[in-house]
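Heads up, the sequence shown is in full-length UniProt numbering, so the first residue is 1 and it goes up one at a time. Built from N, CA and C at the ideal position, the CB exists for glycine as well.
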Amino acid sequence: MHVLGVVGYSDTGKTTLLEELAERLAERGRVATVKHLHEFDIDVEGKDTARHRAAGADRTYGIIDDGEWFATGSDRTLQGTLEDLAPEFDYALVEGFSRVPIPQVVVGDRDHAGEALATAPDADAIDVDEVIEALDGTEPFETLGSLVRRVKDDPAAERAGAIATFTGQVRAKDAPGDDRTEHLTFEKYKGVAEQRLADLERALESRDGVLSVELHHRTGTIEAGEDIVFVVVLAGHRTEAFEAVSDGIDRLKEDVPIFKKEITVEDSFWVHER
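Right, here's the structure in full:
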């Protein structure tokens with residue numbers, strides 16, 4: 001799933017721009033949108049789901065017969081929302097959230113944390129075609145769920161009896177007395193890393209019994225406890241699936257040029273230099 005933020009002040013036409021982007025991207029795939037709200041007034045007083053929350057429910061859903069629904073709760077984050085959307089959608093458009101480091105279109109002089117794919121004084125000056133082309137070149141937002149969904153949708157899935165996965169995450173400590181790792185930063189050798197990942201997927205898929213393979217390694221800053229890397233293998237039987245997952249993560253770490261910087265509470269260093 002490709003994620004794009006649209007940020008700007010209320011008088012810059014950012015909502016109209018997001019609507020135009022959604023209409024254009026819907027011609028290419030499924031689109032979800034997320035809006036940053038400053039006030040929240042759906043079902044907050046006196047209605048049934050508000051009573052459910054008052055009774056202790058962390059999240060409540062309202063669903064009607066034709067399938068429309070809403071949800072309320074206090075624990076929803078943008079990251080968690082994108083993770084839920086990734087298996088089902090091709091694009092997520094995010095209005096607001098200027099402080100989140102996602103690819104962004106910036107209208108007006110709004111401060112922003114993510115890479116600016118386009119900037120302009122107002123929405124009318126944004127070239128939507130150029131934005132979509134730039135979005136295609138960004139790193140997709142992947143989760144274990146989105147990769148599992150992809151192999152399940154493979155035409156060969158009808159011959160599969162196993163899906164095996166590996167998820168690597170940021171380890172806070174190697175031992176109880178170690179300095180805590182706050183986060184890791186990953187950088188890839190652009191072009192080469194992507195080609196090596198594709199070559200490795202094809203090599204694993206050439207094995208007897210292996211039907212489909214998806215590999216993904218995140219880049220940028222990843223906090224302690226967050227996921228870094230995924231290996232997903234669709235195979236005829238569990239033995240081939242487990243072996244391909246194990247070999248896949250070993251070869252990814254050995255062959256794909258992705259460099260890791262570790263930041264602890266006391267120090268920071270590039271791991272390959274040690």
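What is the rounded straight-line gap between the Cα of L93 and the Cα of G177? If you number the sequence shown from 1, residue 93 lands on position 93. If you number the sequence shown from 1, residue 177 lands on position 177. Between L93 and G177, the C-alpha separation is close to 43 Å.
Would F97 be called buried (16 or more neighbouring beta carbons within 10 Å of its own) or exposed? By 1-based counting over the sequence shown, the position of residue 97 is 97. So F97 ends up on the buried side.
State yes or no: is the C-beta of F166 within less than 8 Å of the C-beta of A86? Here the question's residue 166 lines up with position 166 in the sequence shown. Here the question's residue 86 lines up with position 86 in the sequence shown. Cβ atoms of F166 and A86: not closer than 8 Å.
Just checking E205 against the ligand FAD - is the residue's beta carbon closer than 7 Å to any of the ligand's heavy atoms? Ligands are entirely absent from the displayed structure, and the ligand FAD is therefore not among its contents.
Is the stretch 211-224 in contact with the stretch 238-253, if contact means three or more CB pairs nearer than 8 Å? yes
What separation, rounded to the nearest whole angstrom, lies between the Cα atoms of G225 and T81? Taking the first residue of the sequence shown as position 1, residue 225 is located at position 225. Taking the first residue of the sequence shown as position 1, residue 81 is located at position 81. Approximately 18 Å between the Cα atoms of the pair.
For F70, name the three-state secondary structure that DSSP assigns. By one-based count along the sequence shown, residue 70 stands at place 70. Strand at F70.
Collapsed DSSP secondary structure at S212 in the structure displayed: Here residue 212 is taken as the residue at index 212 of the sequence shown, counted from 1. Strand.
Am I right that A160 and T12 are in contact with their C-beta atoms under 8 Å? What's the rounded C-beta distance? Taking the sequence shown and counting its residues from 1, the one referred to as residue 160 is at position 160. Taking the sequence shown and counting its residues from 1, the one referred to as residue 12 is at position 12. Rounded, the Cβ-Cβ distance is 49 Å, inconsistent with contact.
In angstroms with no decimal places, state the Cα-to-Cα distance between I126 and E23. For the purposes of this step, residue 126 is taken as residue 126 along the sequence shown, with counting starting at 1. For the purposes of this step, residue 23 is taken as residue 23 along the sequence shown, with counting starting at 1. About 15 Å.
Option in L204, I102 and E262 with minimal Cα separation from E223: The residue given as residue 223 occupies position 223 in the sequence shown. Cα-wise, what sits closest to E223 is E262.
In whole angstroms, give me the CA-to-CA distance for L204 and R53. As a first step, residue 204 is located in the sequence shown; it is residue number 204 there, counting from the start. As a first step, residue 53 is located in the sequence shown; it is residue number 53 there, counting from the start. Spanning the two alpha carbons is a distance of roughly 48 Å.
Taking just the CA atoms, how far does T119 sit from I163? As a first step, residue 163 is located in the sequence shown; it is residue number 163 there, counting from the start. As a first step, residue 119 is located in the sequence shown; it is residue number 119 there, counting from the start. Going by the C-alpha atoms only, they are around 43 Å apart.
How many whole angstroms separate the CB atoms of L211 and A235, which I take to be in contact at a CB cut-off of 8 Å? Working through the sequence shown from its first residue, we reach residue 211 at position 211. Working through the sequence shown from its first residue, we reach residue 235 at position 235. With 8 Å as the limit, L211 and A235 qualify as a contact, their Cβ atoms being about 6 Å apart.
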